[in-house]
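Heads up: the sequence lines are chains G and E, in that order. Numbering follows our numbering, in which position 259 of the first sequence is assigned residue number 259; successive positions increment by one, without gaps. Numbering follows our numbering, in which position 160 of the second sequence is assigned residue number 160; successive positions increment by one, without gaps. The beta-carbon is built from N, C-alpha and C at its ideal position, and this holds for glycine as well. This report refers to the structure that appears directly beneath it.
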Amino acid sequence: MKKIVAVLCCLMMVVCCFGAFGCSSRDALRIINFRPEDQAFYDFLIEEFKKEHPDLKVIYECVSTDGYPNLQSSRLTANQVDVFGTEAANVRSVELRKYMMPLNDLEYSDGTSLWDKMNEGDVSQVVYEGDKYVAPLGSVEIVVYYNKDIMEQACDPSDFANGEYPTTWDEFYSLLIKFQTLKNQKKIDDVIYFGGLEAWPISMIMSAGEIPTVYAVDDKFYLKLAKSEKGYDFSHPLYEDYFTKIKTLCGFIDPLSTGQTYNLAPSTFAMGNSALMIDGTWSYPQVMGANPQFEPGFFPLPLNDDAEYNKYVPTKSGSGFAINKNTNKPELAKEFIEFHYRPDIYQKYINTVLTSPVIKGVEIEDPYGYAGEMYQFEGLLTMENRWMDGIAGVEMFRDIGLKYITSDLSVADSIKQMNDILQSTASNWQRKSVIGMWFDYFFPGEGRDVWAPED
Amino acid sequence: MFGRRKIENQCGVPQAGAAAPAEKKRRFDLNRWQRSSLAVKPWVAIVGTIPALVMIVLFGLIPAMVNVVVSFTNYNGLVETMKFVGLRNYVEFFTVIGRDVLPAFWTTIKYALITVIPLQILAIGSALLVNNRVKGRNFFRALYFMPNILGAVVVCFAWKLIFDTRWGPLIGIFRAMGLETAFLGDPKISLLCVSVITLWANYGFYMTIYLAGLTGISHDYYEAASLDGASGWALFCHITFPLLRPSLTICLWLAISNALGLTDVILLTTNGEYGTETIGFYIYRTVMYNSNTQGLNAAVTIYNFLFVSTIMLLFNKFIRRKEVEL
Numbered sequence: 001m002k003k004i005v006a007v008l009c010c011l012m013m014v015v016c017c018f019g020a021f022g023c024s025s026r027d028a029l030r031i032i033n034f035r036p037e038d039q040a041f042y043d044f045l046i047e048e049f050k051k052e053h054p055d056l057k058v059i060y061e062c063v064s065t066d067g068y069p070n071l072q073s074s075r076l077t078a079n080q081v082d083v084f085g086t087e088a089a090n091v092r093s094v095e096l097r098k099y100m101m102p103l104n105d106l107e108y109s110d111g112t113s114l115w116d117k118m119n120e121g122d123v124s125q126v127v128y129e130g131d132k133y134v135a136p137l138g139s140v141e142i143v144v145y146y147n148k149d150i151m152e153q154a155c156d157p158s159d160f161a162n163g164e165y166p167t168t169w170d171e172f173y174s175l176l177i178k179f180q181t182l183k184n185q186k187k188i189d190d191v192i193y194f195g196g197l198e199a200w201p202i203s204m205i206m207s208a209g210e211i212p213t214v215y216a217v218d219d220k221f222y223l224k225l226a227k228s229e230k231g232y233d234f235s236h237p238l239y240e241d242y243f244t245k246i247k248t249l250c251g252f253i254d255p256l257s258t259g260q261t262y263n264l265a266p267s268t269f270a271m272g273n274s275a276l277m278i279d280g281t282w283s284y285p286q287v288m289g290a291n292p293q294f295e296p297g298f299f300p301l302p303l304n305d306d307a308e309y310n311k312y313v314p315t316k317s318g319s320g321f322a323i324n325k326n327t328n329k330p331e332l333a334k335e336f337i338e339f340h341y342r343p344d345i346y347q348k349y350i351n352t353v354l355t356s357p358v359i360k361g362v363e364i365e366d367p368y369g370y371a372g373e374m375y376q377f378e379g380l381l382t383m384e385n386r387w388m389d390g391i392a393g394v395e396m397f398r399d400i401g402l403k404y405i406t407s408d409l410s411v412a413d414s415i416k417q418m419n420d421i422l423q424s425t426a427s428n429w430q431r432k433s434v435i436g437m438w439f440d441y442f443f444p445g446e447g448r449d450v451w452a453p454e455d
Numbered sequence: 001m002f003g004r005r006k007i008e009n010q011c012g013v014p015q016a017g018a019a020a021p022a023e024k025k026r027r028f029d030l031n032r033w034q035r036s037s038l039a040v041k042p043w044v045a046i047v048g049t050i051p052a053l054v055m056i057v058l059f060g061l062i063p064a065m066v067n068v069v070v071s072f073t074n075y076n077g078l079v080e081t082m083k084f085v086g087l088r089n090y091v092e093f094f095t096v097i098g099r100d101v102l103p104a105f106w107t108t109i110k111y112a113l114i115t116v117i118p119l120q121i122l123a124i125g126s127a128l129l130v131n132n133r134v135k136g137r138n139f140f141r142a143l144y145f146m147p148n149i150l151g152a153v154v155v156c157f158a159w160k161l162i163f164d165t166r167w168g169p170l171i172g173i174f175r176a177m178g179l180e181t182a183f184l185g186d187p188k189i190s191l192l193c194v195s196v197i198t199l200w201a202n203y204g205f206y207m208t209i210y211l212a213g214l215t216g217i218s219h220d221y222y223e224a225a226s227l228d229g230a231s232g233w234a235l236f237c238h239i240t241f242p243l244l245r246p247s248l249t250i251c252l253w254l255a256i257s258n259a260l261g262l263t264d265v266i267l268l269t270t271n272g273e274y275g276t277e278t279i280g281f282y283i284y285r286t287v288m289y290n291s292n293t294q295g296l297n298a299a300v301t302i303y304n305f306l307f308v309s310t311i312m313l314l315f316n317k318f319i320r321r322k323e324v325e326l
């Protein structure tokens with residue numbers, strides 16, 4: 001009897017070990033996502049979806065953005081997910097794309113192709129070698145938020161060329177000086193509020209500054225850099241100007257701000273004691289939710305002396321959904337994504353998340369009233385989204401930005417650091433496949449003009 | 001152990017004339033135990049260990065072996081393009097990524113130096129306190145152990161708020177003393193702040209090990225030493241601490257190996273910035289976010305394995321020598 005009990009216990013243990021690998025969820029539609037602040041909308045969406053599929057079980061898991069890559073990686077590797085949230089930029093990641101199913105045949109509610117209903121700029125971000133892999137839901141931008149009350153304390157906005165906000169570097173620098181005076185008089189707490197503990201928020205500032213000083217001026221700069229054309233490295237005058245102005249800007253950021261957590265940044269800014277905040281439009285709901293009476297203004301970061309280049313903001317697809325290539329429910333997964341784009345559902349999504357719509361003709365119905373002002377600017381793809389796998393240097397921008405805030409790193413040393421990294425990692429990125437991939441992505445249809453050595 | 005027991009008086013002398021009680025049938029008679037119980041059957045032992053062995057092989061040994069193989073390839077996420085590259089990754093460790101990796105090793109050593117010893121001091125001190133027979137000592141034992149059961153996410157979240165330079169309580173105290181620092185965001189002291197977090201979260205665990213060690217020390221030693229006039233510090237130095245050596249060995253071993261592999265607290269607080277990137281975090285970051293160089297990442301893990309093994313072997317050698325001396 002004891003033998004039988006012992007053997008049964010051992011067998012049960014073995015079965016439990018292997019049987020616990022999600023077999024109970026195999027019949028459910030498994031979805032993972034980030035941005036827990038959108039949970040309320042997805043609870044609604046899933047309830048509506050289940051009305052059309054009463055017998056269907058839907059498992060929706062959402063974790064914070066920071067922890068999401070771990071969840072995504074483990075679920076995809078274990079084939080424990082059907083639909084997963086992802087950013088458009090991940091289309092260019094070899095590691096993730098191998099798990100993505102092409103979504104070329106997604107349909108809109110009127111039976112036409114969903115892709116025809118989307119803005120071309122948003123579609124282009126999710127295409128790789130002719131196939132579309134991610135269904136984008138909205139696009140986001142990085143803007144300078146400003147406190148209108150503090151702006152009026154510091155200066156008369158009619159002094160600016162456009163009558164509202166600074167559009168050149170000289171105007172912006174003068175404004176920063178005035179804000180600094182207010183701070184010295186203890187009338188405000190911060191010139192530029194920055195929650196830098198997690199370090200990544202500096203990337204927003206670096207990205208917002210790179211557009212007007214480098215990319216808007218010469219959109220082929222990085223291609224020339226990749227082809228090692230003479231004079232095209234990080235000591236180019238465009239980059240020197242960029243680093244100089246970013247360093248000046250970072251001088252107005254409190255060094256103690258690197259000890260402030262980013263999660264509290266929008267609500268702290270909404271308290272009204274900070275003049276500026278450089279952040280993504282995704283923080284707008286949090287700002288207004290923290291203080292509905294707050295009156296924010298927005299403008300692109302004007303780091304160029306020429307106003308013509310200062311009208312752009314960095315933009316990228318905020319988030320979207322992809323389907324696991326190995327799912328056993330491809331049709332259901334597609335149906336879920338198509339359901340997300342139904343006019344009433346998608347409008348509710350846009351109104352909840354307050355992100356810029358990707359579907360033509362959809363407008364944000366913003367209860368706070370400032371979204372139209374926030375999304376009025378022309379967008380260019382963010383630096384990080386233009387940076388191909390294997391090309392050195394994106395992490396260094398973040399390190400340099402943080403050192404501009406916390407130490408005395410000089411512009412010359414920054415340039416040297418970037419060039420050293422570029423040279424030391426040349427074997428990774430100076431490959432025909434990488435440069436060619438980049439060329440095709442940014443200049444589709446122009447024909448390759450690739451010189452790089454063979455792989 | 002299982003033989004008959006004579007009737008003895010308290011001094012151990014058998015009493016004459018005392019009738020021995022009828023021999024009871026022992027529940028655990030050796031012969032019957034051998035005949036019918038499963039406990040000593042070899043096949044039962046083997047079957048019982050199979051699940052654990054399977055887990056170790058599947059999730060420990062096989063991934064480690066695959067990692068070694070990958071370190072000799074140019075694996076970038078696509079098996080189709082993977083090819084053998086010999087020792088190229090091991091050479092590139094120094095030529096390409098030495099700039100990032102070597103500082104990470106040095107940060108790991110610095111972190112171990114500022115954490116391991118204070119952790120033992122704190123744990124021993126707490127164990128000595130809660131070992132006293134005072135009212136409520138069980139409550140304090142539980143209180144000191146509680147940070148250990150909160151989990152890294154809760155602990156790090158709480159300490160990020162404590163260290164926050166806008167809303168945290170610490171910045172106010174520092175400003176009152178005329179000091180200002182960004183704590184976790186200040187490269188000069190961020191590693192120290194991380195150390196404070198791990199000290200607070202883990203000392204309870206080590207306290208329980210020392211407590212077990214203290215409980216095993218006979219009071220006769222203290223009585224004898226007290227008779228000789230020893231008290232307080234002398235008792236600790238000459239009796240308590242030497243007899244805690246086995247617990248100290250275990251705790252040091254655990255603390256050093258945990259310190260050398262620190263990743264979770266770094267991930268949850270500074271994300272490897274401000275001079276806190278340890279080798280464990282570096283490996284995590286490159287594996288998660290740099291999929292193009294998985295072969296090189298695998299080589300880095302092998303170097304890390306050699307690094308940690310060397311330190312632990314040196315530690316073992318040092319400790320054994322000390323135990324022999326004792």
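Terminal residues of the beta strand (DSSP E) in which residue i lies
i: G:R30; result: 29 to 33
i: G:D279; result: 274 to 280
i: G:T86; result: 83 to 86
i: G:A161; result: Where G:A161 is concerned, there is no enclosing beta strand (DSSP E), given that its DSSP letter is neither H nor E.
i: E:C237; result: From DSSP, E:C237 is part of no beta strand (DSSP E); its letter is neither H nor E.
i: G:L380; result: 378 to 381
i: G:T191; result: This sequence places Val at residue 191 of chain G; Thr is not what is there. That run of the beta strand (DSSP E) goes 190 to 193.
One or two residues paired with residue i in a DSSP bridge
i: G:Y145; result: G:M277, G:F298
i: G:N324; result: G:M100
i: E:V134; result: E:V134 pairs with nothing; no bridge assigned.
i: G:D131; result: G:Y128
i: G:S356; result: G:S139
i: G:T315; result: G:E141, G:L381
i: G:E107; result: G:S113
i: E:T73; result: E:F84
First and last residue of the uninterrupted alpha helix (DSSP H) at residue i
i: G:G289; result: 284 to 290
i: E:G213; result: 190 to 215
i: G:Y60; result: Segment 58 to 62 is the beta strand (DSSP E) holding G:Y60; no alpha helix (DSSP H) there.
i: E:H219; result: 219 to 227
i: E:M338; result: Examination of residue 338 of chain E is not possible in this model, given that chain E is present from 1 through 326 alone.
i: G:H340; result: 330 to 340
i: G:K117; result: Looking at the DSSP string, G:K117 is not in any alpha helix (DSSP H), and its letter there is neither H nor E.
i: G:Y242; result: 237 to 250
i: G:G401; result: 394 to 406
i: G:A40; result: 39 to 52
i: E:E43; result: For the sequence presented, residue 43 of chain E should be read as Trp rather than Glu. That run of the alpha helix (DSSP H) goes 42 to 56.
i: E:W253; result: 245 to 260
i: G:R75; result: 68 to 77
i: G:G259; result: Counting along the chain, G:G259 falls outside any alpha helix (DSSP H), and DSSP gives it neither H nor E.
Practice task
Could you name the residues of the segment 44 to 56 of chain E whose beta carbon sits closer than 8 Å to any beta carbon of chain G, in the order they occur along the chain?
Solution key: V44, V47, G48, I50, P51, V54, M55
Exercise for the section: Take every Cβ of the segment 164 to 172 of chain G, pair it with every Cβ of the segment 299 to 315 of chain G, and state whether three or more of those distances are shorter than 8 Å. Expected result: yes
Practice task
Residues of the segment 182 to 199 of chain E with a CB closer than 8 Å to any CB of chain G: list them in chain order, please.
Solution key: A182, F183, L184, G185, D186, P187
Problem - Chain-ordered residues of the segment 248 to 277 of chain G with a beta carbon less than 8 Å from chain E - result: P255, L256, S257, T258, G259, Q260, T261, L264, T268
Problem - Selection of the segment 262 to 275 of chain E by Cβ proximity to chain G, strictly under 9 Å - result: L267, L268, T269, T270, N271, G272, E273, Y274
Practice task
With 8 Å as the C-beta to C-beta threshold (strictly closer), list the residues of the segment 308 to 325 of chain E near chain G in chain order.
Solution key: none
Problem - At least 3 beta-carbon pairs within less than 8 Å: the segment 339 to 358 of chain G vs the segment 403 to 417 of chain G - result: no
Practice task
Quick one: which residues of the segment 65 to 76 of chain G get their C-beta closer than 9 Å to a C-beta of chain E? List them in chain order.
Solution key: D66, G67, P69, N70, S73
Practice task
Using a Cβ-Cβ cut-off of less than 8 Å, list which residues of the segment 195 to 207 of chain G approach chain E; keep chain order.
Solution key: G196, L197, E198, A199, W200
Problem - Three-pair Cβ contact test at 8 Å for the segment 192 to 200 of chain G versus the segment 118 to 138 of chain G - result: no
Handout entry: At least three beta-carbon pairs within less than 8 Å, the segment 401 to 416 of chain G to the segment 231 to 251 of chain G
Key = yes
Practice task
Check each residue of the segment 132 to 162 of chain E: if its Cβ is closer than 7 Å to any Cβ of chain G, include it; give the result in chain order.
Solution key: K160
Problem - Three or more C-beta pairs below 8 Å linking the segment 143 to 160 of chain G and the segment 104 to 114 of chain G - result: no
Exercise for the section: May I ask you to verify whether the segment 288 to 298 of chain G touches the segment 362 to 373 of chain G, counting CB pairs closer than 8 Å and requiring at least 3? Expected result: yes
Exercise for the section: Inspect the CB distances between the segment 264 to 273 of chain G and the segment 117 to 124 of chain G and report whether three or more fall short of 8 Å. Expected result: no
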